[in-house]
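Numbering (our numbering), first residue to last: 574 to 1050.
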């Protein structure tokens, strides 16, 4: 009698066995047996690296306008990351109502006003740390230290791919570089290696590293194939000797995927094939890659982030399960992320406008194609920023409360959870929303019970939500 384990063990001694074992892994551990009917089948995670300020974007605080420049006293001890509490700092942007709901949004994210009535805002998010690396890992993996799979890897592991020609999990990093932790934000850790995120850099001369052989007069189609044949024999022998190591199967799959992607990815990456009005919807510049990025500016942010959003839509409609889009890279000077310690207006302004143009375009485009009803969009950041000033124009980190929002299938738009009058902590101190709750809700919408998606590692049944998390049922339609 054959079961999954015995079949893999019997087959593992040959190259064909590698392909078979990888095929079974690629189907996903829950294929055909989801825990409940799904509402969505794909996810886009938008990550604002550096700590986006909720009080300058989505969470209106009139009290900061009234008390601007006055001493800030929330009535309790204040913990800051790298400064002493400054005066109350109003946002440099005005807030005004958008949509039929009248949701108050900052002018910095005004393009999202066109889709405000489709978004569920969570204004009482709480974190565990004000350190970028730890806060970023917490939001991407559910743990604030390395060694755990990312949410995208869990989704790929559970559901597999919808296509053989593209990866299940794709990462679109900031064009300036990777955020805090680098590739750890999309790693598989102890899950099978083939579920890690595949990095694509739209706009680069080589958007996918090593997809094509290097240009050389010494490399021909025949020599390339001969090398692959030798590699196949070596892989077969290697697998025969090491049946318990999944990394070779993942590497074999990467070669198979590369061959398929030479056609499919090239087609998906061809943004010029999109009509001009669609490109404009996403904020793409007519100059394309010639846009000036020598310093942070609205045109560059709109073009680069818009390209990632447009590519995300093209990947989703071709069967990719999970797309992670980044705005901002790791810390450096001048600032190229949302970590606005020195000047909120200078840094957040272009980043917020570019993000909101591309994101609004993505939501509207998915809606008009009938894809929004089975797609989930999650907007997040590692933490928020303080209601008081750092220096005279910046804000320090605030892990005590910040904003996430969700949009798409199974989501009821509105506001869920509030911060206090300052935007310092949740209005109900004991009832903040955690990343575990967000991840539990994402998995629920995909048809997965977060308490039952587990993998045993080092003697512990591990899951994305650790031992925490509650589905945000009030938000579900």
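Glycine included, C-beta positions come from ideal geometry on N, C-alpha and C.
Pick helix, strand or coil for residue 593, following the three-state DSSP scheme.
Confidence at residue 593 is low in this model, with a pLDDT of 38, below 50, so its placement is unreliable and no value can be given for it.
Could you give the first and the last residue of the continuous alpha helix (DSSP H) run that contains residue 878?
Boundaries of the alpha helix (DSSP H) around residue 878: 871-889.
Which one or two residues does DSSP pair with residue 987 in a beta bridge?
DSSP lists 693 as partners of residue 987.
Residue 632 burial status per 10 Å Cβ neighbour count (16 or more: buried)
Result: buried.
Terminal residues of the continuous beta strand (DSSP E) containing residue 757?
First-last for residue 757: undefined, no H or E at that position.
Please state if the CB of residue 752 and the CB of residue 902 are separated by a distance shorter than 8 Å.
Cβ atoms of residue 902 and residue 752: closer than 8 Å.
Go ahead and label residue 803 buried or exposed: buried means 16 or more other beta carbons lie within 10 angstroms of its beta carbon, across all protein chains shown.
By the neighbour-count rule (16 or more Cβ atoms within 10 Å), residue 803 is not buried but exposed.
Could you tell me the alpha carbon to alpha carbon distance between residue 847 and residue 744, rounded to whole angstroms?
One C-alpha to the other measures close to 21 Å.
Kindly indicate which residue of 628, 714, 602, 1050 has the alpha-carbon position closest to the one of residue 921.
Nearest to residue 921 by C-alpha distance, out of 628, 714, 602, 1050, is 628.
Should residue 598 be labelled buried (16 or more other beta-carbon atoms within 10 Å of its own) or exposed?
For residue 598, the predicted structure reports a pLDDT of 46, less than 50, and the residue's modelled location is therefore unreliable. The matter cannot be settled from this model.
Among the residues of its own chain, which have a CB less than 7 Å from the CB of residue 876, if the five just before and after it don't count?
Excluding positions up to five away in sequence, the list reads 856, 857, 858, 864.
Starting from residue 919, follow the alpha helix (DSSP H) in both directions and report where the run begins and ends.
Going by DSSP, residue 919 is part of the alpha helix (DSSP H) stretching over 917-941.
First and last residue of the alpha helix (DSSP H) that includes residue 636?
DSSP places residue 636 inside the alpha helix (DSSP H), whose first and last residues are 635-639.
I'd like the list of long-range same chain contacts for residue 668, defined as Cβ closer than 8 Å, with 5 residues on each side in sequence excluded.
Result list for residue 668: 633, 677, 678, 679, 680, in chain order.
Quick check on the DSSP output: the beta strand (DSSP E) that includes residue 676 runs from which residue to which?
Its beta strand (DSSP E) spans residues 676-679.
Buried or exposed for residue 852, going by 16 or more other Cβ atoms inside 10 Å?
Residue 852 counts as buried, since no fewer than 16 other beta carbons sit within 10 angstroms of its beta carbon.
Residue range of the alpha helix (DSSP H) that includes residue 712:
In this chain, the alpha helix (DSSP H) harbouring residue 712 covers 705-714.
Pick from 1036, 981, 988, 994: whose alpha carbon is nearest that of residue 647?
Residue 647 has its Cα closest to that of 994, out of 1036, 981, 988, 994.
Distance, Cα to Cα, residue 1049 vs residue 1023?
Spanning the two alpha carbons is a distance of roughly 16 Å.
Suppose the cutoff is 7 Å on Cβ atoms and the five residues either side in sequence are ignored; what does the same chain contact list for residue 602 look like?
The beta carbon of residue 602 sits closer than 7 Å to the beta carbons of 730, 731 from its chain, once the five residues preceding and following it are set aside; these are given in chain order.
Using only the alpha-carbon positions, how far apart do residue 613 and residue 982 sit?
Each residue's alpha carbon lies about 6 Å from the other.
In whole angstroms, what is the alpha-carbon distance linking residue 842 and residue 775?
For the pair residue 842 and residue 775, the Cα-to-Cα distance works out to about 7 Å.
Which value, in whole angstroms, describes the spacing of the CA atoms of residue 944 and residue 796?
Residue 944 and residue 796 have their alpha carbons spaced roughly 44 Å apart.
Take every Cβ of the stretch 655-668, pair it with every Cβ of the stretch 1020-1037, and state whether three or more of those distances are shorter than 8 Å.
Between the stretch 655-668 and the stretch 1020-1037 there are fewer than three C-beta pairs closer than 8 Å, too few to call the two in contact.
Cα separation between residue 761 and residue 721?
A direct Cα-to-Cα measurement between residue 761 and residue 721 gives close to 7 Å.
DSSP three-state call for residue 813: helix, strand or coil?
The three-state secondary structure of residue 813, taken from DSSP, is helix.
Might you give, ordered along the chain, the residues of its own chain that have their beta carbon closer than 6 Å to the beta carbon of residue 618, omitting 5 neighbours on each side?
Cβ neighbours of residue 618 beyond the five flanking positions: 897, 951.
Could you give the DSSP three-state label for residue 958: helix, strand or coil?
In the displayed model, residue 958 falls within a strand according to three-state DSSP.
With the cut-off set at 8 Å, would you say residue 977 and residue 622 are in Cβ contact?
In this structure, residue 622 does not lie closer than 8 Å to residue 977 by Cβ.
Three or more beta-carbon pairs under 8 Å between the stretch 1004-1013 and the stretch 695-704, yes or no?
Yes: the two stretches touch, three or more of their Cβ pairs being nearer than 8 Å.
Residues that residue 1034 bridges to, as DSSP identifies them:
DSSP lists 1029 as partners of residue 1034.
CB residue 1037 to CB residue 675, shorter than 8 Å?
Cβ distance not < 8 Å, so residue 1037 and residue 675 don't count as in contact.
Where residue 660 sits in the DSSP three-state scheme
Looking at residue 660 - three-state DSSP - the assignment turns out to be strand.
Alpha helix (DSSP H) containing residue 736: first to last residue?
Careful: residue 736 lies outside any alpha helix (DSSP H) and carries neither H nor E.
Buried or exposed by the 16-neighbour rule on C-beta atoms within 10 Å, applied to residue 972:
With 16 or more other Cβ atoms within 10 Å, it is buried.
So, at 7 Å on beta carbons, what are the nonlocal neighbours of residue 1047 in its own chain, with the 5 sequence-adjacent residues on each side left out?
The answer, listed in chain order, is 989.
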